[in-house]
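A.B. asks: Chains as they are written, first to last, in the working numbering: chain G, 1 to 300; chain D, 1 to 300. Every residue gets a Cβ at the ideal spot worked out from N, C-alpha and C, and that includes glycine. Below is a structure I'd like to ask you about.
Number of protein chains: 2
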Amino acid sequence: MESSNYLETLRTVINAQLDRLTDYPAAVPPRLKEAVRYSLLQGGKRLRPILTLAAAEMAGGDPAPAIPAACALEMIHTYSLIHDDLPAMDNDDLRRGKPTCHIKFGEATAILAGDALLTEAFAAVARTADEAVRAPMAAALAEAAGVFGMIGGQTDDVIGEKNLSGGSPSDGRIALLRSIHRRKTGALITCAFRLGGLAVSAGKDELNALAACGEAFGLAFQITDDLLDVTGSEQLLGKRVGKDAALGKLTFPGLLGIDESRAEAARQVEAGRRALDLFAESRAKSAVIEILESTLTRKS
Amino acid sequence: MESSNYLETLRTVINAQLDRLTDYPAAVPPRLKEAVRYSLLQGGKRLRPILTLAAAEMAGGDPAPAIPAACALEMIHTYSLIHDDLPAMDNDDLRRGKPTCHIKFGEATAILAGDALLTEAFAAVARTADEAVRAPMAAALAEAAGVFGMIGGQTDDVIGEKNLSGGSPSDGRIALLRSIHRRKTGALITCAFRLGGLAVSAGKDELNALAACGEAFGLAFQITDDLLDVTGSEQLLGKRVGKDAALGKLTFPGLLGIDESRAEAARQVEAGRRALDLFAESRAKSAVIEILESTLTRKS
């Protein structure tokens, strides 16, 4: 992959900054710090923050102003994983190839570590150097992560799963599944693109193009996530597979079949690529397109 | 109480706005909306938001600009109660005289409702009319609610409780107890005063005075909270009593005895009153002082 050095550089920047942001002094309870860092710093693809930095570079030429927002997105993504893995939610024991936070530290600490990451994400955004973009970024983050976005989608996914998988007509179930994914996964990925643009004070057309790319990419990513739960390797994924079917969840392969799901993912990747036509060719744009396309062949 | 009409007016404003802010459209899962509103709108003293509005009036003459911040504080307070009540945390079944959120809606919904309230609190602050104060308020809120504030204190309170109640010397335990309370309860109450000042662009001296009052009041409030857990009525409090002793928690009456705890609370109330000397006499200032003093005689 041509962009691999560039992406690795972005990943290194993000990991270093996440490390610094959570290197709390002794006033913070050591066990809380340990749990936060255990979940936040043990690998992960850094997909969302990389997209934020690359979007900032595409729209403004410099990824640096977007670093706090990029870290905030990864913190919110990690908090959502910690809470989703809890026994009362998806009850997962394995994440990124290691015991989930509550298995390692107990439920109370896992709940608190998730709460901490969600809160500190807003603290990070509020410390962005450019004062003018702090509040718009906090607003975009809250909207994507809140009841209209991630939490709403997660609620329908976790709470509604038993009522939704059977009975209703197929068209209605596909629309519902798209709606769940647009909120549960898509909102934060779309926000990753938008925050990159906001960080460099991009114009309205550029912000809309970034959001359109994010929406298409979010859907493609979730469709392939569903496919991996059917066809993927537990070892490569670092998490359990076959859970969707066991929980009776709505999934794209469950509703559309594997072939049509793959075709739909390819259509979304193409739509995401076209949304970027507005931007001049650049290292960052090539990298985003490579990430988009790699979704179709990802193994983890 | 002379200020009761004034306080009732503030409470009505807050309750109406909290109702509006959570009157989500159908795109938000109904069960999530119901759980959020169940926990947020069923009474509660509205202590923190009232203090925010009164602080804004003391420092700037008008409480209106502080309404979003006031609502954000009550949302964060409510989220912390929902998560603290969970079985993995304090395992409480009664709150404000009714079944706790997880008893009523199940653990998954309670976790999500808490996450939603925390997130939407930042959304509310980010929508404050005066753009210049949005980011400073979001930063203050995140700091008070995060690892250096409420979550840090709560972690030491929940996770550390078994290690801290015995063994170490009395002076060290009192210092630790003050540190826990300064973070767990005090940080958000101090933030309530500060957000009121920030909302009306108060100067540095005024912000410091508000914070000093908040710190003293927070400590007085927590000491009397500890006392009520020993001497209070479950019916008046709307929550279980005697839980601190049962859990072996550090408390002021446990360490200082009941009489000295009462004396310490009175000293803090006096310190809080003196911190307000900077402000001209006003309806708002009288109300804050009445709230401070009523802490010493509160039954709930």
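Use the C-beta contact count for S300 of chain D: other C-beta atoms within 10 angstroms, 16 or more gives buried, fewer gives exposed.
C.D. replies: Against the second sequence, residue 300 of chain D aligns to sequence position 300. S300 of chain D should be labelled exposed.
A.B. asks: So, at 7 Å on beta carbons, what are the nonlocal neighbours of K98 of chain D in its own chain, with the 5 sequence-adjacent residues on each side left out?
C.D. replies: Start at 1 with the first residue of the second sequence, and residue 98 of chain D comes out as number 98. The residues are Q42.
A.B. asks: Can E74 of chain D and P49 of chain D be called in contact, C-beta distance under 9 Å?
C.D. replies: In the second sequence, residue 74 of chain D corresponds to position 74, counting from 1. In the second sequence, residue 49 of chain D corresponds to position 49, counting from 1. Yes, Cβ-Cβ distance for E74 of chain D and P49 of chain D is below 9 Å.
A.B. asks: Can you give me the Cβ contacts of A138 of chain G inside the same chain, cut-off strictly under 8 Å, excluding the 5 residues immediately before and after it?
C.D. replies: Within the first sequence, the letter at position 138 stands for residue 138 of chain G. Here the set comprises F122, V125 and A126.
A.B. asks: If E215 of chain G sits next to T190 of chain G, beta carbons under 8 Å apart, how far is it from one beta carbon to the other, in whole angstroms?
C.D. replies: The residue labelled residue 215 of chain G in the question sits at position 215 within the first sequence. The residue labelled residue 190 of chain G in the question sits at position 190 within the first sequence. That belief holds up - the Cβ atoms of E215 of chain G and T190 of chain G are roughly 5 Å apart, short of 8 Å.
A.B. asks: Would I291 of chain D pass as an interface residue toward chain G - the criterion being a Cβ-Cβ separation below 9 Å?
C.D. replies: Counting from one through the second sequence, the residue named residue 291 of chain D turns up at place 291. By this cut-off, I291 of chain D is not an interface position.
A.B. asks: Kindly give me the distance between the Cβ atoms of R37 of chain G and T155 of chain D, rounded to whole angstroms, as I take these residues to be in contact under 8 Å.
C.D. replies: Against the first sequence, residue 37 of chain G aligns to sequence position 37. Against the second sequence, residue 155 of chain D aligns to sequence position 155. Going by Cβ atoms, the distance from R37 of chain G to T155 of chain D rounds to 14 Å, so no, they are not a contact pair.
A.B. asks: Can you give me, in chain order, the residues of the segment 131-156 of chain G that have a beta carbon less than 7 Å from any beta carbon in chain D?
C.D. replies: So the list reads E131, R134, A135, A138, A139, A142, E143, A145, G146, V147, F148, I151, G152, Q154, T155 and D156, given in the order they occur along the chain.
A.B. asks: Less than 8 Å between the CB atoms is what I'm expecting for V28 of chain G and G152 of chain D, so what's the real figure, rounded?
C.D. replies: For the purposes of this step, residue 28 of chain G is identified with residue 28 of the first sequence, where counting begins at 1. For the purposes of this step, residue 152 of chain D is identified with residue 152 of the second sequence, where counting begins at 1. The pair is a contact, with the Cβ atoms about 5 Å apart (cut-off 8 Å).
A.B. asks: Is there a Cβ from chain G that is less than 9 Å from the Cβ of K33 of chain D?
C.D. replies: For the purposes of this step, residue 33 of chain D is taken as residue 33 along the second sequence, with counting starting at 1. Yes, because at least one Cβ of chain G sits closer than 9 Å to the Cβ of K33 of chain D.
A.B. asks: Alpha carbon to alpha carbon, what distance is there between T119 of chain G and D62 of chain G?
C.D. replies: Taking the first residue of the first sequence as position 1, residue 62 of chain G is located at position 62. Taking the first residue of the first sequence as position 1, residue 119 of chain G is located at position 119. So the two alpha carbons sit approximately 27 Å from each other.
A.B. asks: With respect to the alpha helix (DSSP H) encompassing N208 of chain D, which residues constitute its N-terminal and C-terminal limits?
C.D. replies: Here residue 208 of chain D refers to the residue found at position 208 of the second sequence. Unbroken alpha helix (DSSP H) run through N208 of chain D: K204 to T231.
A.B. asks: D115 of chain D and G114 of chain G - do their beta-carbons sit closer together than 9 Å?
C.D. replies: In the first sequence, the residue the question calls residue 114 of chain G occupies position 114. In the second sequence, the residue the question calls residue 115 of chain D occupies position 115. Going by C-beta atoms, G114 of chain G is nearer than 9 Å to D115 of chain D.
A.B. asks: Which residues mark the beginning and the end of the alpha helix (DSSP H) in which I189 of chain G is found?
C.D. replies: Within the first sequence, numbered from 1, the residue matching residue 189 of chain G stands at position 189. Residues A187 to A199.
A.B. asks: For L40 of chain G, tell me which candidate among G:H77, G:Y6 and G:R11 has the shortest Cα-Cα distance.
C.D. replies: In the first sequence, counting from the first residue as 1, residue 40 of chain G sits at position 40. Residue G:H77 is the option with its Cα nearest to L40 of chain G.
A.B. asks: Which residues in chain D have a C-beta closer than 7 Å to the C-beta of D115 of chain G? List them in chain order.
C.D. replies: Working through the first sequence from its first residue, we reach residue 115 of chain G at position 115. The answer, in chain order, is H83, L118 and I151.
A.B. asks: Kindly list the residues whose CB is nearer than 6 Å to the CB of A220 of chain D, restricted to its own chain and excluding five residues on each side of it in sequence; keep chain order.
C.D. replies: Working through the second sequence from its first residue, we reach residue 220 of chain D at position 220. A265, Q268, V269 and T295.
A.B. asks: For I67 of chain G, report the span of its alpha helix (DSSP H) as first-last.
C.D. replies: Position 67 of the first sequence holds residue 67 of chain G. Its alpha helix (DSSP H) spans residues I67 to D84.
A.B. asks: Beta-carbon of A199 of chain G versus every beta-carbon of chain D: anything under 9 Å?
C.D. replies: For this step, residue 199 of chain G is matched to residue 199 along the first sequence. With 9 Å as the cut-off, A199 of chain G does not count as an interface residue toward chain D.
A.B. asks: According to DSSP, which residues form a beta bridge with P99 of chain G?
C.D. replies: Within the first sequence, residue 99 of chain G is the residue found at index 99, counting from 1. Answer is G:L94, bridged to P99 of chain G.
A.B. asks: Mind the definition here: the segment 271-281 of chain G touches the segment 204-211 of chain G only if three or more C-beta pairs lie below 8 Å; say whether that holds.
C.D. replies: Contact between the segment 271-281 of chain G and the segment 204-211 of chain G is present, because at least three Cβ pairs lie under 8 Å.
A.B. asks: In chain order, what residues of the same chain lie with their CB nearer than 7 Å to the CB of A140 of chain D, ignoring the 5 residues before and after it?
C.D. replies: Residue mapping note: residue 140 of chain D aligns to position 140 of the second sequence, counting from 1. Same-chain partners within the cutoff: C191, R194, L195 and L198.
A.B. asks: For G218 of chain D, tell me which candidate among D:G149, D:P87 and D:A26 has the shortest Cα-Cα distance.
C.D. replies: Locating residue 218 of chain D in the second sequence gives position 218, counting from the first residue. Ranking the options by Cα distance to G218 of chain D, first place goes to D:G149.
A.B. asks: Distance check for A54 of chain D and Y6 of chain D, CA to CA, integer angstroms please.
C.D. replies: Your numbering for residue 6 of chain D matches position 6 in the second sequence. Your numbering for residue 54 of chain D matches position 54 in the second sequence. In a straight line, the C-alpha of Y6 of chain D is about 10 Å away from that of A54 of chain D.
A.B. asks: Under 9 Å, do A284 of chain D and E57 of chain D count as touching if we go by C-beta distance?
C.D. replies: On the second sequence, residue 284 of chain D is found 284 positions in, with the first residue counted as 1. On the second sequence, residue 57 of chain D is found 57 positions in, with the first residue counted as 1. Against a cut-off of 9 Å, the Cβ pair of E57 of chain D and A284 of chain D comes out as a contact.
A.B. asks: With a Cβ-Cβ cutoff of 9 Å, do A88 of chain G and G106 of chain D count as a contact?
C.D. replies: For the purposes of this step, residue 88 of chain G is taken as the residue at position 88 of the first sequence. For the purposes of this step, residue 106 of chain D is taken as the residue at position 106 of the second sequence. For A88 of chain G and G106 of chain D, yes; Cβs fall inside 9 Å.
A.B. asks: Just verifying my parser: in three-state terms, what is the DSSP assignment at V13 of chain D?
C.D. replies: By one-based count along the second sequence, residue 13 of chain D stands at place 13. Here V13 of chain D sits in helix by DSSP.
A.B. asks: For chain D, check one thing: does any of its Cβ atoms lie closer than 9 Å to the Cβ of K162 of chain G?
C.D. replies: Sequence index remark: in the first sequence, residue 162 of chain G carries index 162 (1-based). Only weak support is given to the placement of K162 of chain G: the predicted model assigns it a pLDDT of 43, under 50, and the question is left unresolved by the model.
A.B. asks: Does the Cβ of H181 of chain D lie closer than 8 Å to at least one heavy atom of the ligand NAP?
C.D. replies: Questions concerning the ligand NAP fall outside what the structure shown contains, since it holds no ligand whatsoever.
A.B. asks: What does a CB cutoff of less than 7 Å around Y79 of chain G pick up in its chain, not counting 5 residues either side in sequence?
C.D. replies: The count along the first sequence starts at 1 and reaches residue 79 of chain G at position 79. Closer than 7 Å at the Cβ level, and outside the excluded window around Y79 of chain G, lie G114, L117 and L118.
A.B. asks: Along the segment 76-109 of chain D, what residues have a CB closer than 7 Å to any CB found in chain G?
C.D. replies: Those residues of the segment 76-109 of chain D that come within reach of chain G (Cβ to Cβ, closer than 7 Å) are H83, L86, A88, M89, E107, A108 and T109.
A.B. asks: Taking only beta-carbon atoms, is R20 of chain G less than 9 Å away from chain D?
C.D. replies: As a first step, residue 20 of chain G must be located in the first sequence, where it is residue number 20. It does not: the Cβ of R20 of chain G has no partner Cβ on chain D nearer than 9 Å.
A.B. asks: What is the residue span of the alpha helix (DSSP H) that S300 of chain D lies within?
C.D. replies: Mapped onto the second sequence, residue 300 of chain D falls at position 300. Per DSSP, S300 of chain D belongs to no alpha helix (DSSP H) and is neither H nor E.
A.B. asks: Give the residues of chain D in contact with V288 of chain G, contact being defined as C-beta atoms less than 9 Å apart.
C.D. replies: As a first step, residue 288 of chain G is located in the first sequence; it is residue number 288 there, counting from the start. Within chain D, no residue comes near V288 of chain G; the closest Cβ sits about 27 Å away, beyond 9 Å.
A.B. asks: Compute the Euclidean distance between the alpha carbons of A35 of chain G and D259 of chain D, then round it to the nearest angstrom.
C.D. replies: Looking up residue 35 of chain G in the first sequence gives position 35. Looking up residue 259 of chain D in the second sequence gives position 259. Roughly 40 Å separates the two Cα atoms.
A.B. asks: Mark E337 of chain G as exposed unless 16 or more other C-beta atoms lie within 10 angstroms of its C-beta, in which case mark it buried.
C.D. replies: Here chain G covers residues 1 to 300 and nothing more, so residue 337 of chain G does not appear.
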